[in-house]
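Note sheet for the following structure.
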Amino acid sequence: MQQVSSFQNQDTGTLYLVPTPIGNLDDMTFRAVKVLKDADLIAAEDTRHTQQLLNHFDIHTPEISFHEHNTEQRIPELIEKLKGGVTIAQCSDAGMPSISDPGKELVAAAVREGIPVVPLPGANAGLTALIASGLVPQPFYFYGFLERKHQQQVQELQQLRNRSETMIFYEAPHRLKKTLKTMAEVLGNKRQVVLARELTKRYEEFSRGCLAEINEFYMNHQPRGEYVIIVAGNPHPDEDGKQDETGTPIEQIDRAISEGLSTNMAIKLVAKKNKLNRQELYKQYHNI
């Protein structure tokens, strides 16, 4: 078992994980500002974006870019700096490093090398939305971003649909409508959901209702800003799980349709689950 505290290895630098505001700059902590000022180097997801934060708090620490596209190149470089005694503060554009943002690979590499890793508490969009959602706050299941393609989303949500915990997702505005429709297909129109938009900013907004109501609202409204989607857990996962495995394929299709899936999607999912030919099941269901 490896145990390394931030004070044990004085021959190396320390990797600090610094959360940054998700909107309101006043949410920056005194400690976070101090760490960014005292660090030798800041590893930032977007140096231009972080520079605005540094300017606001009169921080002059040099930056280096560290994002998902240069991870392989940067990690060996940053680890060598840490081994040489350089103290690095790593931060993403908003919120906590590693939570749907860069950071986890660097942390893992630092841990392997016995380099101290010190996390700072701070802003997190998922938890901020959860505590104001009105849904059961614990237990919760954090998922983050779903895959972008429809079929991949369906497969992911099928794996999640019987979870009893409240679930937390992130979504970009230009993909929100499609994601909500897919959620209704798989989870059912009656599932309760809360959308949190532009958290901590001037136009912060919460939308609450079932998926059918939320989808109807966004038929006439254009999504704006970044979203956190809080989805109520399934209150009867054991019953639903048993039902999914019982009945003929035709009965399974009817059940899936009654829960909000389109006919074609229900046929596709039932065919895959039962290892049947989709075209033949389609003909059978429609009596062709």
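Read left to right, the sequence shown gives residues 1 to 288 (the UniProt record's numbering). All C-beta atoms in this analysis are idealised placements derived from N, C-alpha and C, irrespective of residue type, glycine included.
Starting from residue i and walking both ways along the beta strand (DSSP E), at which residues does that stretch end?
i	result
E72	Not the beta strand (DSSP E): E72 falls in the alpha helix (DSSP H), residues T71 to K83.
I253	Looking at the DSSP string, I253 is not in any beta strand (DSSP E); the run it does join, the alpha helix (DSSP H), is P249 to S258.
I229	Y227 to V231
In this structure, what does DSSP give as the bridge partners for residue i?
i	result
L135	Beta-bridge pairing links L135 to no other residue.
F206	A196
Q90	L17 and A43
P119	L17
For residue i and residue j, what's the separation of their Cα atoms in angstroms?
i	j	result
M183	T71	32 Å
I42	I88	6 Å
V270	A232	24 Å
L54	K268	52 Å
A256	R48	48 Å
G241	C210	The predicted position of G241 is uncertain, since its pLDDT is 49 and thus under 50; no value can be drawn from it.
P139	E165	5 Å
I75	V111	12 Å
V154	E213	20 Å
Q284	Q151	23 Å
L82	C91	16 Å
E80	P223	44 Å
K201	V33	20 Å
G13	L25	28 Å
R278	H286	12 Å
H236	N162	8 Å
Put residue i into one of helix, strand or coil per three-state DSSP.
i	result
G144	strand
E171	strand
G95	strand
T182	helix
T166	strand
L281	helix
G241	Its pLDDT being 49, under 50, G241 is placed unreliably in this model, and the value from its coordinates should be taken loosely. Helix.
Q51	helix
G126	helix
D38	helix
H236	coil
Between the Cα of residue i and the Cα atoms of the options, which residue gives the shortest distance?
i	options	result
H67	S100, S258 and K81	S100
E251	N234, L281, Y203 and F57	L281
L276	P249, T50 and I257	P249
A94	A44, F145 and P21	P21
L187	E205, K178, L160 and G84	L160
M265	K181, D58 and N162	K181
I229	R278, K37, T128 and L17	T128
Just reading off the alpha helix (DSSP H) that residue i is part of, what are its end residues?
i	result
F66	Looking at the DSSP string, F66 is not in any alpha helix (DSSP H), and its letter there is neither H nor E.
T29	Per DSSP, T29 belongs to no alpha helix (DSSP H) and is neither H nor E.
L269	T263 to N274
E113	Segment: none, E113 is in no alpha helix (DSSP H) and carries neither H nor E.
N215	L211 to M219
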